[in-house]
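Visitor: The numbering used here numbers the first residue of the sequence shown as 5 and each following residue consecutively. Backbone N, C-alpha and C define an ideal beta-carbon position, used for all residues, glycine too. Quantities reported herein were computed from a predicted structural model and do not represent experimental measurements.
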Amino acid sequence: HAADGYARATGRTGVCLVTSGPGATNLVTGIATAYMDSSPVVAITINVPVGSLGRDSFQEIDIAGITMPVTKHNFIVKDISQLADVIRRAFRVAASGRPGPVLVDIARDVTENVFEFEPAPQSRGTVPEYPGFASGVGRIATAFLHAKRPLIVAGGGCIRSGAGASLSEFAGEFGIPVVDTMMGRGAIAGSSPFSLGMGGEYGTKAAARAMSECDLMVAVGCRFSDRLTGENCEFLGNCKLVHIDIDKAELNKNVRADIALQADADKFFKAILATLRKRSAGKPVDYTKWMKSLTEAKGSDAYVGSREFAGDTPLTGDIVARVAGDEAGSEAIFVTEVGECQISAVNAISYERPGSLITSGGLGTMGFGLGAAIGAKAGCPERKVINFAGDGSFRMNMAEIMTAVTNGLPVIEIVFDNGILGMVHTMQKDRFGGRYVATELDDSFDYVSIAKSLKARAFDCRDVKELRAALREALKDKDSNVYVIVCHLT
5 HAADGYARAT
15 GRTGVCLVTS
25 GPGATNLVTG
35 IATAYMDSSP
45 VVAITINVPV
55 GSLGRDSFQE
65 IDIAGITMPV
75 TKHNFIVKDI
85 SQLADVIRRA
95 FRVAASGRPG
105 PVLVDIARDV
115 TENVFEFEPA
125 PQSRGTVPEY
135 PGFASGVGRI
145 ATAFLHAKRP
155 LIVAGGGCIR
165 SGAGASLSEF
175 AGEFGIPVVD
185 TMMGRGAIAG
195 SSPFSLGMGG
205 EYGTKAAARA
215 MSECDLMVAV
225 GCRFSDRLTG
235 ENCEFLGNCK
245 LVHIDIDKAE
255 LNKNVRADIA
265 LQADADKFFK
275 AILATLRKRS
285 AGKPVDYTKW
295 MKSLTEAKGS
305 DAYVGSREFA
315 GDTPLTGDIV
325 ARVAGDEAGS
335 EAIFVTEVGE
345 CQISAVNAIS
355 YERPGSLITS
365 GGLGTMGFGL
375 GAAIGAKAGC
385 PERKVINFAG
395 DGSFRMNMAE
405 IMTAVTNGLP
415 VIEIVFDNGI
425 LGMVHTMQKD
435 RFGGRYVATE
445 LDDSFDYVSI
455 AKSLKARAFD
465 CRDVKELRAA
475 LREALKDKDS
485 NVYVIVCHLT
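So this is what it looks like as structure tokens:
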């Protein structure tokens, strides 16, 4: 998860190195998380010596076979002469096209050999030119010119391709509203008048209205997962659907598009902007009425800062996230675990720049956040890094506080302490008549004392005043102190 967090925060490929057997199998969930969210990671595993392969040797495992479904490519190295080229290829594959994890499994005796290393030019991931791009952009431009209520849906592909600036320029010049997915948060600034917030099951009302009433939906870099569409896609029947994605396999997979175009998100927005400028010259495109109706629809969805909260206001997940967002500011990196803390964090904070939110969207990995926050801090030491964790997630990975302390990586861990695994608990209440199984936690543990024993600075917070004071101390700290802020939710 740390390598994944590093990759998402920096845009560079993350690397992790482990031993054979259980060391390798412990990577599987992290690799799958990176795969689902298209994060470039090179995982290097060391296996048993070549002569011991296939003998069920101590700690021998077919890690290449195990991870094949959740990697872009796997390499097995049995000869030192192959090693340098394989490593170069691994980095190139991880970063090219749709990014993702690559595994390199090296026999142990290979690492003990000597070989004459020949440096080669640095290889970077590439974005190829896909066939039919120009004609596809032309067809999409025509669709925009005929539309009265267009909508852009910006997914994680907009973040990965660095399309934030081109998306914002295009939406701003033509006045087109933008809904983002969970993985696309920050692709357009939350404060932009054209941003409607997150769409989908846990999104804003304005986003839901836009998706149901638009006559043209242009989805860029998103998979149309069930978290965006819900249990059905009936709302898509009301509009013309255009789907742009760098991965051809995602086109027409979950939804059927009227126009499907394989393309890089940034290249698409630059091309469609230039084409529409040319095609609309002398006949301006005007979506003002549509945009105005959606702006009015924001209503209670509009981002509201935390300044109006009285000091004695009890804490909820949304209040904690809003206070943290306001205190840390737009330059901070916010990381989340999964569950209710994730939903509060993705909705209650206004993300002003790409890469400011790191979360497990596809796999929904509980325990992802703290490791990812550590990796993000390693990659961006100049930025404040805050991880939002439920108390269940904190119990899973609290030992990693030691990792952060030992390595001088001052992350801030905010724990939502409500004594339950909230999202599953709610599901058991709504769908199973309140028959709760393994979702109510023993509340006798003192998280603050545990954190202090791990050499972190820790606070108990029960209201906004206490939370704000703890955050301000943590954010102003110039030393490498790790902070754990335990928020008791009402």
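Using the Cα positions of K456 and F449, report the straight-line distance between them to the nearest angstrom.
Guide: Taking the first residue of the sequence shown as position 1, residue 456 is located at position 452. Taking the first residue of the sequence shown as position 1, residue 449 is located at position 445. If I take the Cα positions, the gap works out to 13 Å.
Visitor: Just to confirm the assignment: which complete beta strand (DSSP E) runs, minimum length 3, are found wholly within the segment 11-67?
Guide: 18-22 and 45-51
Visitor: Spatial neighbours of A275 within its chain, please: CB distance less than 7 Å, with the 5 preceding and 5 following residues excluded, ordered by chain position.
Guide: Taking the sequence shown and counting its residues from 1, one reaches residue 275 at position 271. Excluding residues within five positions, the ones whose Cβ falls inside 7 Å are V141.
Visitor: What do you reckon, are the CB atoms on L458 and T320 nearer than 7 Å?
Guide: By one-based count along the sequence shown, residue 458 stands at place 454. By one-based count along the sequence shown, residue 320 stands at place 316. In this structure, T320 does not lie closer than 7 Å to L458 by Cβ.
Visitor: Our contact map puts S360 next to I390 with C-beta atoms below 8 Å; I'd like the distance itself, whole angstroms only.
Guide: Looking up residue 360 in the sequence shown gives position 356. Looking up residue 390 in the sequence shown gives position 386. Incorrect: roughly 11 Å between the Cβ atoms, too far for contact.
Visitor: By alpha-carbon positions, which one of V490, I362 and A138 ends up nearest to H5?
Guide: Sequence index remark: in the sequence shown, residue 5 carries index 1 (1-based). Ranking the options by Cα distance to H5, first place goes to I362.
Visitor: In the DSSP assignment, the alpha helix (DSSP H) including G379 goes from what residue to what residue?
Guide: By 1-based counting over the sequence shown, the position of residue 379 is 375. F372 to G383 is the span of the alpha helix (DSSP H), which, as asked, contains G379.
Visitor: Please go through the same chain and pick out, in chain order, the residues whose beta-carbon is closer than 8 Å to the beta-carbon of L475, but skip the five residues on each side of it.
Guide: Taking the first residue of the sequence shown as 1, we reach residue 475 at position 471. Around L475: V327, A328, E331, A332, I416 and I489.
Visitor: Hey, out of N401, V19, G69 and C465, whose CA is closest to V45's CA?
Guide: Numbered from 1 along the sequence shown, position 41 holds the residue referred to as residue 45. Among N401, V19, G69 and C465, the Cα nearest to that of V45 belongs to V19.
Visitor: Hey, T71 and V106: beta-carbon distance below 7 Å or not?
Guide: Here residue 71 refers to the residue found at position 67 when the sequence shown is read from its first residue. Here residue 106 refers to the residue found at position 102 when the sequence shown is read from its first residue. Cβ atoms of T71 and V106: not closer than 7 Å.
Visitor: Could you say if the segment 46-63 and the segment 102-120 meet the contact criterion of at least three C-beta pairs nearer than 8 Å?
Guide: Touching, yes.
Visitor: If you drop the 5 nearest sequence neighbours on each side, which residues of the same chain put their C-beta closer than 6 Å to that of V222?
Guide: Locating residue 222 in the sequence shown gives position 218, counting from the first residue. Hits under 6 Å: I156 and V246.
Visitor: Quick one, are the C-beta atoms of G188 and G159 less than 7 Å apart?
Guide: By 1-based counting over the sequence shown, the position of residue 188 is 184. By 1-based counting over the sequence shown, the position of residue 159 is 155. Result yes, Cβ atoms of G188 and G159 sit closer than 7 Å.
Visitor: Would you mind reading off the limits of the beta strand (DSSP E) that contains E122?
Guide: Sequence index remark: in the sequence shown, residue 122 carries index 118 (1-based). Where E122 is concerned, there is no enclosing beta strand (DSSP E), given that its DSSP letter is neither H nor E.
Visitor: Considering just the uninterrupted stretch of the beta strand (DSSP E) at F463, what are its terminal residues?
Guide: Working through the sequence shown from its first residue, we reach residue 463 at position 459. That run of the beta strand (DSSP E) goes R461 to C465.
Visitor: Could you check whether K302 and A191 sit closer than 7 Å to each other, using their CB atoms as the reference points?
Guide: Residue 191 sits at position 187 when you count from the first residue of the sequence shown. Residue 302 sits at position 298 when you count from the first residue of the sequence shown. Going by C-beta atoms, A191 is not nearer than 7 Å to K302.
Visitor: Mapping the DSSP letters down to three states, classify V452 as helix, strand or coil.
Guide: What you label residue 452 is simply residue 448 of the sequence shown in a count that begins at 1. Note: V452 maps to helix in three-state DSSP.
Visitor: Per DSSP, what kind of secondary structure is D421 in: helix, strand or coil?
Guide: On the sequence shown, position 417 is the one that residue 421 refers to. Note: D421 maps to strand in three-state DSSP.
Visitor: Starting from G176, follow the alpha helix (DSSP H) in both directions and report where the run begins and ends.
Guide: Counted from its first residue, the sequence shown places residue 176 at position 172. Counting along the chain, G176 sits inside the alpha helix (DSSP H) bounded by residues G168 to F178.
Visitor: On the three-state DSSP scale, how would you describe E444?
Guide: Numbered from 1 along the sequence shown, position 440 holds the residue referred to as residue 444. E444 sits in a strand when the DSSP states are folded into three classes.
Visitor: Based on the DSSP output, what are the partners of M202 in its beta bridges?
Guide: Within the sequence shown, the letter at position 198 stands for residue 202. M202 pairs with D184.
Visitor: Is A99 closer than 7 Å to T33 when the C-beta atoms are compared?
Guide: One-based indexing of the sequence shown puts residue 33 at position 29. One-based indexing of the sequence shown puts residue 99 at position 95. No. Outside cutoff.
Visitor: Can you give me the C-alpha to C-alpha distance between L473 and L479, rounded to a whole angstrom?
Guide: Against the sequence shown, residue 473 aligns to sequence position 469. Against the sequence shown, residue 479 aligns to sequence position 475. Before going on, a small fix: residue 473 reads as Ala here, not Leu. The alpha-carbon atoms of A473 and L479 are separated by roughly 10 Å.
Visitor: Please return the same chain residues whose Cβ sits closer than 8 Å to the Cβ of V350, not counting the five positions on each side in sequence.
Guide: On the sequence shown, position 346 is the one that residue 350 refers to. M186, R189, M202, Y206, T340, L361 and T363.
Visitor: For H429, count the other beta carbons within 10 Å of its own beta carbon; 16 or more makes it buried, fewer makes it exposed. Which is it?
Guide: Sequence index remark: in the sequence shown, residue 429 carries index 425 (1-based). Counting of Cβ neighbours within 10 angstroms places H429 among the buried residues, the total reaching 16 or more.
Visitor: Below 8 Å, how does it come out for the segment 282-296 and the segment 160-180: are there three or more Cβ pairs, yes or no?
Guide: yes
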